[in-house]
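Worksheet for the structure shown next.
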Amino acid sequence: MAIRVHNTLTRSKEEFVPREPGRVAMYVCGPTVYNHIHIGNARTFLTFDVIRRYLEWRGFDVRFVQNITDVDDKIINRANEEGRTAAQVAEEYTLAFRAAMDALGIRRPTAAPRATETIPAMIDMVKRLIATDHAYVVDGDVYFSVRSFPEYGKLSGRDIDELESGARVDVDERKRDPLDFALWKAAKPGEPHWPSPWGEGRPGWHLECSVMSEAELGLPFDIHGGGSDLVFPHHENEIAQSEAATGKPFARYWLHGGMLQIDSEKMSKSLGNFTLLRDVLEAYPAPVVRLLMLQTHYRSPLDFSADRLAEATSAYERVVTLVRNIRWVHEATATGEGAPVQAREALEAAVDRAREKFVAEMDDDFNTAGGLAALFELAKAANSMLAEHQADLAGPDFDTLGRAEALVVELLGVLGIELPAHSPSAPEYPDDVVALARDLGGYAGSDAQEAVRALLAMRDAARSERNWAAADAVRDGLAMLGFVIEDTPRGARVTYRPKG
Ligand code: AMP
Ligand code: ZN
């Protein structure tokens, strides 16, 4: 079955066929680094992270490029307000962006070029555009002439005249057409600047994406992504510059994500109705935020609210509990007579159906909402098997439950939703083991599961040195907290039996 994607350029769903079998070249416009990103920005970045993960899961080798806009009016303004250099502001928020992406579980790009590192290639493209009369110089500025590119407007589906009457374009006497846009801006006093044939200046925003995508991926590349607010003028301008300069088509599939909204209004810095990603992640774990966002198709608007966060929290807890219970029951239940064969077969069928449905939904323009529904149906089926037949379960039942659990974990993983690490016998270890591991062996972390492993390693080391007193101290300390250590041929096994 083929993957189908909605292409903004053709306004239709098309079969996705990459330019080279098995490989996908993908570009997503990155942030302008003058502030912390808000959850609207995060939604768009999450969308393309999941598309990338899914394509990889389907066997494609994906090259994912995302620029960092580190020179821009907004960065310069902020630097002036704070008495810092634009480079200092850009560096601070580039690091903050990376940290926020890591925290949301968004994988790092294959390449993340910065605008300020690509200036010579940008100057080259401007030169080519001037030489072919697609651009003109006015007082050290260079403008792209939209009338020189007859296809201008093809992405947004409007012609130049329509765009002109619809857009709030500035009336600048020096421009030949109000829609003409800056490729290069002459430096004003106090601004960062680079030498160019037109004098000291800096590149326009649109130009960097044209130059970096071509340098990193070659033309035409497969997927160009961004939020729907970038279709016009940003992406329209990228196409005009690149296709005019190279004579080659620019990007083959244009994918645009819908806007995250608050009270039905687009979240944006300028409206002031924004919530920073890092503030949300202080209160909610990343898997919950991902789950909330992925429950809506990426092209639809998404209303973000406290209620939806609460719903996503309980959905996440449902799968966490299910996976934990399957592992726990397997460990703790003595082998029974076996559940009725129909019950096991029904769960087997649910596993197969869930995988098929997940793939069909995701192949259909990355319908994560449908994919999640498939996954939750399976979770429900596995839960009822556990609830109805817990005392009877036998070997083959555990095999089937294990398949269900493995599929739930695998598919969540495709969506970048991680479950907490589990140890079968220890659903929730008490935090006191961290202190114990600290006291007995200088454990420096804060994770209870890890602390138990560290304690077992200390005990092993003490025993191999015949230091029985130290080994017993570990065992007794753990026993006080409700842990029982059994020595088995495969090493020490620890079981947690909370008291009371
Ligand atoms: P910016 O830094 O404003 O260029 O935005 C970075 C990315 O976030 C772009 O792909 C925008 O389309 C996207 N974006 C901005 N606001 C929202 C929003 N409210 N919902 C979804 N994506 C957004
Ligand atoms: Zn761009």
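Note that the sequence shown covers residues 1207 to 1706 in our numbering.
For each residue, glycine too, the CB sits at the ideal point set by N, CA and C.
In this structure, Tyr-1349 sits away from Leu-1413, with a CB-CB distance that is not shorter than 9 Å. Per DSSP, the unbroken alpha helix (DSSP H) holding Tyr-1299 starts and ends at 1292 to 1309. The beta carbons of Val-1277 and Pro-1409 sit closer together than 9 Å. In its chain, beyond the 5 residues on either side, Leu-1466, Met-1473, Phe-1480, Thr-1481, Leu-1482, Leu-1483, Val-1486, Val-1495 and Phe-1510 have a beta carbon closer than 8 Å to the beta carbon of Ile-1245. Runs of the alpha helix (DSSP H) lying entirely within the segment 1311 to 1393 and spanning at least 4 residues, in chain order: 1325 to 1337 and 1366 to 1372. For Arg-1258, the enclosing alpha helix (DSSP H) begins and ends at 1245 to 1263. Going by C-alpha positions, Lys-1454 is about 50 Å away from Glu-1523.
In this structure, Leu-1592 lies near Leu-1607, with their beta-carbon atoms less than 9 Å apart.
A direct Cα-Cα distance of roughly 38 Å separates Gly-1619 from Ile-1325. If you check the C-beta of Glu-1442 against the ligand ZN, you find no heavy atom less than 8 Å away. When Arg-1259, Ser-1416, Trp-1534 and Ala-1521 are compared, the shortest CA-CA separation from Lys-1586 is found for Ala-1521. By the C-beta criterion, the segment 1427 to 1435 is judged to be in contact with the segment 1225 to 1233, since at least 3 inter-stretch pairs fall below 8 Å.
For His-1430, the enclosing beta strand (DSSP E) stretches over residues 1427 to 1433. Listed in chain order, the non-local C-beta contacts of Ile-1532 below 8 Å within the same chain comprise Ala-1588, Leu-1592, Leu-1607, Gly-1608, Ala-1610 and Glu-1611, local neighbours out to five positions each way being set aside. When rounded, the separation of the alpha-carbon atoms in Lys-1391 and Glu-1379 is 16 Å. With contacts defined as CB atoms closer than 9 Å, Ala-1566 and Leu-1581 fail to qualify as a contacting pair. Any heavy atom of the ligand ZN counts here; residues with a Cβ closer than 5 Å to one of them, in chain order, are Cys-1235 and Cys-1415. In the DSSP assignment, the residues bridged to Ile-1691 are Val-1700. Under DSSP, Trp-1460 shares a beta bridge with His-1430.
Annotation for Ser-1218: the continuous beta strand (DSSP E) segment containing it runs 1218 to 1221. The way I'd put it, the segment 1212 to 1220 doesn't touch the segment 1257 to 1277; fewer than three beta-carbon pairs between them come closer than 8 Å. Looking at the DSSP output, Gln-1272 shares a beta bridge with Val-1234. Residues Asp-1339, His-1340, Ala-1341, Tyr-1342, Arg-1382, Asp-1383 and Asp-1386 of the same chain have their beta carbon placed closer than 8 Å to that of Ser-1351, with the five preceding and five following residues left out of the count.
For Gly-1265, the closest alpha carbon among the candidates Arg-1672, Pro-1704, Glu-1583 and Asp-1569 is that of Asp-1569. Taking 8 Å as the cut-off, one finds no heavy atom of the ligand AMP near enough to the beta carbon of Phe-1438. Residue environment analysis places Met-1207 among the exposed positions, since fewer than 16 neighbouring C-beta atoms fall within 10 angstroms of its C-beta. Unbroken alpha helix (DSSP H) runs of no fewer than 4 residues, entirely contained in the segment 1496 to 1583, are found at 1512 to 1538 and 1547 to 1569, following chain order. Annotated as proximal: Asp-1571 and Lys-1219, with beta-carbon spacing under 9 Å. Ranking Asp-1367, Glu-1471, Lys-1360 and Ala-1492 by CA distance to the CA of Trp-1460 puts Lys-1360 first.
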